[in-house]
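Residue numbers (our numbering): 98 to 217.
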């Protein structure tokens, strides 16, 4: 066996390993996205946001947390340090729907949330 054929074999092996590693990372990303915001969590966030859309003025209180096992949010004033987390969650859900709709649609078997144009 000459040296050139050994080099090609090593390069082929490295390419194969790189493709395998990329595939594993993609699968890991898909699995984590599906687990991070399950359809029930998405529905809960969107339902709280929908209540705010019914108001004629901007919100002055933002949902912060629920008690363990509870269904009602504890709200905080807009100047409280956690007030940006809820709008940030909405923005994150919107961005994920735009970038990963093919992955999220598999989990939800539907669009799972408001139409993109209705929330822009």
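C-beta: ideal position from N, C-alpha, C; glycine also. Fair warning: this is a prediction, and the values are worked out from it, not measured in the lab.
By Cβ distance, which residues of its chain are closer than 7 Å to residue i, with the 5 residues on each side in sequence left out?
i, result
"residue 159", "172, 173, 175, 180, 183"
Is residue i helix, strand or coil when you go by DSSP?
i, result
"residue 184", "helix"
Start and end of the alpha helix (DSSP H) containing residue i?
i, result
"residue 150", "136 to 150"
Near residue i, what residues of its chain come up, given a Cβ to Cβ distance below 8 Å and the 5 sequence neighbours on each side ignored?
i, result
"residue 116", "none"
"residue 157", "174, 175"
Whole angstroms are fine: how far does the CA of residue j sit from the CA of residue i?
i, j, result
"residue 129", "residue 155", "33 Å"
"residue 166", "residue 153", "31 Å"
"residue 148", "residue 168", "14 Å"
"residue 177", "residue 161", "10 Å"
Could you tell me whether the Cβ atoms of residue i and residue j are closer together than 8 Å?
i, j, result
"residue 187", "residue 146", "yes"
Starting from residue i, trace the beta strand (DSSP E) in both directions and tell me its first and last residue.
i, result
"residue 157", "Unbroken run through residue 157: none, as it is neither H nor E."
Taking only heavy atoms of the ligand NAD into account, decide whether any of them is closer than 7 Å to the Cβ of residue i.
i, result
"residue 168", "Of ligands this structure carries none, so the ligand NAD is not represented either."
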